[in-house]
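First comes the structure, then the notes that go with it.
Number of protein chains: 2
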Amino acid sequence: MFENIKWLISPELSRECEEKEIVVSTRIRVARNIEGIPFELKMKTKDAEKLVQMVKSALEMNFKGKFLDLQKLKPLEKESLLESHLISPAIVKKELPTATFISEEGNISIMVNEEDHLRIQGLSCGLNLSNIASKVYEFEEILGQELGYAYNENYGFITSCPTNLGTGLRASVLLHLPGLVYTNEIEKILKSTFNLGMAVRGLYGEGSEIKGNLFQISNQHTLGFKEDELIEKITKFTKMLIDLELKARDVILNRARYELEDKIFRSLGILTSARLINSDEVLSLLSAIRLGIGLGLIKDIDIITLNEIMLVTRPGNIQLYYGEILEEQERDIRRADYIRHKLAKRNPASD
Amino acid sequence: MFENIKWLISPELSRECEEKEIVVSTRIRVARNIEGIPFELKMKTKDAEKLVQMVKSALEMNFKGKFLDLQKLKPLEKESLLESHLISPAIVKKELPTATFISEEGNISIMVNEEDHLRIQGLSCGLNLSNIASKVYEFEEILGQELGYAYNENYGFITSCPTNLGTGLRASVLLHLPGLVYTNEIEKILKSTFNLGMAVRGLYGEGSEIKGNLFQISNQHTLGFKEDELIEKITKFTKMLIDLELKARDVILNRARYELEDKIFRSLGILTSARLINSDEVLSLLSAIRLGIGLGLIKDIDIITLNEIMLVTRPGNIQLYYGEILEEQERDIRRADYIRHKLAKRNPASD
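Protein sequences appear in the order of chains A and B. In terms of my numbering, the first sequence has 1587 at position 208, counting the first letter as 1, and numbering is strictly consecutive. In terms of my numbering, the second sequence has 1621 at position 242, counting the first letter as 1, and numbering is strictly consecutive.
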């Protein structure tokens, strides 16, 4: 089905974006339900089938992209969509018919019959919330006209879980904060995040571990705010975090410049030399290299290459990249191969 | 005094030598005492002064080289001679006048007033005991004619400590045995070594830790054997160890080829990328690279370069190399610099 892994890597992530070294990516999703179709808990198979058909027709009439019936995908393909943030763990677990649509540009994906009937999601590199939000609302509006959303004058859009009531909007930014981790300020900041109505998660959403110094910050509340306000709030908060991160990096450079440079260049040395490497170690090494690029210490690798390595080296994606089911050690070997060739033509010993 | 570190690196270690990947170096020393001069425990300052003068004259008449009065050397210079195995810890601790002579070729050194009046020592790369022994005995014979050795018909040459009685000969080989360490066979072998009348030490002699998988094997007994027998015995034993080491490497290649290759190339990646590195880590990384050369996995670095890095990166030598007294962190920085430039023009990412 996925003849080419490239297809999973949104061109959006390869564009030149603002603050792209600290803000890895930005995501927006809105939750919507269709009037007249039973919600999650009361839904029967025939309701789900009807929903998938309705959404499919509405999308095909209005947009270009791929519409994937998730029940027909192989486990590896689903794993790969998960790793690429194009579907959620919740939709994979569902027993009723589900589907996902991916727009031609790869930056919009729509899950059908996740917790809500529709989860319209936009992905962008860098700090780009307003732009990606307007693309998401393009889809949201047309689908609303075609399908009719469940709406209540007091609460706004009705969602399956009350935490999504109102705007149904969740905006999130994936931040790379090695400086704040190193100076131990991150704990304090995460607490303030929570107090400001924001949630912090790892790379793979709720309950996922923090890896590679990557923090996903998103709004917790969807009710009682306008969409613009929410986006402005999270944008401001992100800019404040960027400021704090840059200050933390200055502190480290003053206090422990050599130790930091050593860590960065050793990470590059290991990544370009390893013959066996697992995906978590890759995240951790990429974090050091990303920081090295941010500090201007590494000049011959770009962030786009790092983003691509980060995505392709995930356990599912690396198998898709080589077009084979691979055992764990084989994955570790191929992953190391892929990275070495991706970063070849460089000489990390030069300075 | 040591205007050029090169002077400390014996040209012997740069020659093409037999088995030079597993046998790093070979050393022979003979202990001799001069008839008519009090031995260590009864020696006075004026005896020591007389001894140093006698030996100096005898050497200057017969051989080319440097004669160094150890009391006049700076601590860093003594440290550097120690690291280069040209003097011993015991001679540095002595309060009476002491000296050392280093031959023009750098492969013969003679300590004056160590535990014995004379310790004539020869150093060679690879497994080369008979050759280096004949050079040592050239010096031993002429100095004996000039100075007259203390000798007893029943015991042979009289030494300060009875363990050196008889031949006064100690032969040692510095072996690189990562395979036997990896397969855990080394413990068993070290026990048999002891039973065969051999001693095992680390890189820096008696009581020194094993570092970088380097084992110094030497004979424990000097009495009751002829010189040739001792040399033959240790040569045979070394050849057996080489055989066992090669077999252990085959076992690892069969069992864990990828893990081994990964370790070797990561070590190379770290060594060519680090910005801070201590001398013990260098020994451990060099061990992996040395093994990589031995297995034919690394083809663009030679053993001679590794031997030079091993010597120059010791804490004293690195300061001498840069001609400055350096604090610990500065040493770690300069050491990393030196290695990176020494191994430059290589691309460890290539394969």
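Note that the Cβ used here is the ideal one computed from N, Cα and C, for glycine as well.
- Ranked by Cα distance from B/H1496, the first of B/T1651, B/H1720, B/L1420, B/K1399 is B/L1420.
- With respect to the 8 Å criterion, B/G1581 and B/Q1595 are classified as neighbours on the basis of their beta carbons.
- Under the rule that a run must span 4 or more residues, the alpha helix (DSSP H) segments found entirely inside the stretch 1495-1571 of chain B read 1508-1526, 1557-1561.
- When C-alpha distances from B/K1615 are compared across B/S1509, B/L1460, B/V1434, the shortest belongs to B/S1509.
- Annotation: Cβ neighbours of B/E1640 in chain A (cutoff 7 Å, chain order): R1654.
- Under the DSSP assignment, A/G1444 falls in the beta strand (DSSP E) whose first and last residues are 1444-1448.
- Under the three-state reduction of DSSP, B/G1576 is assigned to coil, being neither helix nor strand.
- Contacts with chain B at 8 Å (Cβ-Cβ) do not include A/T1692.
- What B/L1665 touches in chain A, judged by beta-carbon distance under 9 Å, is nothing: the nearest beta carbon there is about 15 Å away.
- Rounded to whole angstroms, the gap between the alpha carbons of A/A1512 and A/T1601 is 15 Å.
- With a threshold of 8 Å between beta carbons, B/L1461 makes no contact with chain A.
- Any Cβ of chain B closer than 8 Å to the Cβ of A/R1714 would place that residue at the interface, and such an atom is absent.
- DSSP lists B/T1479, B/R1498 as the bridge partner or partners of B/M1490.
- With respect to B/T1405, B/G1505 sits close: the two C-beta atoms are nearer than 8 Å.
- For a Cβ distance threshold of 9 Å, residue set R1645, L1647, G1648, I1649, L1650, T1651, S1652, A1653, P1727 of chain B lies close to A/G1648, ordered along the chain.
- Remark: fewer than three beta-carbon pairs, one from each stretch, lie closer than 8 Å, so the stretch 1622-1633 of chain A and the stretch 1569-1580 of chain A are not flagged as touching.
- A/R1411 sits in a strand when the DSSP states are folded into three classes.
- For the C-beta of A/Q1708, the chain B residues within less than 8 Å are, from N- to C-terminus, Y1637.
- B/E1519 counts as buried, since no fewer than 16 other beta carbons sit within 10 angstroms of its beta carbon.
- The alpha-carbon of B/L1665 is positioned some 7 Å away from that of B/G1591.
- Only exposed fits B/Y1534, as fewer than 16 other CB atoms lie within 10 angstroms of its CB.
- Judged by DSSP in its simplified three-state form, A/Q1432 adopts helix.
- Annotation for B/F1604: no beta strand (DSSP E) segment contains it, and DSSP assigns it neither H nor E.
- Shown here for A/K1514: same chain residues with a beta carbon closer than 7 Å to its own, the five before and five after excluded, namely N1486, I1487, G1501 in chain order.
- If you draw a straight line from the Cα of A/E1564 to the Cα of A/D1622, it is about 13 Å long.
- Taking a C-beta distance under 8 Å as the contact criterion, B/R1714 and B/V1661 qualify as a contact pair.
- A/L1522 and A/E1606 have their C-alpha atoms roughly 18 Å apart.
- In the structure shown, B/I1416 falls within a coil segment according to DSSP collapsed to helix, strand and coil.
- About 17 Å separates the Cβ atoms of B/V1552 and B/V1409, ruling out a contact at the 8 Å cut-off.
- Beta-bridge partners of A/F1594 (DSSP): A/L1554.
- Residue environment: A/H1464 is assigned as buried (16 or more neighbouring CB atoms within 10 Å of its CB, all protein chains considered).
- Your pair A/I1718 and A/R1654 does not check out as a contact, with CB atoms roughly 11 Å apart and the cut at 8 Å.
- The beta carbon of B/M1422 is closer than 7 Å to those of L1475 in its chain, skipping five residues each way along the sequence.
- Scanning B/G1444, B/G1558, B/I1466 for the CA closest to the CA of B/I1481 turns up B/G1444.
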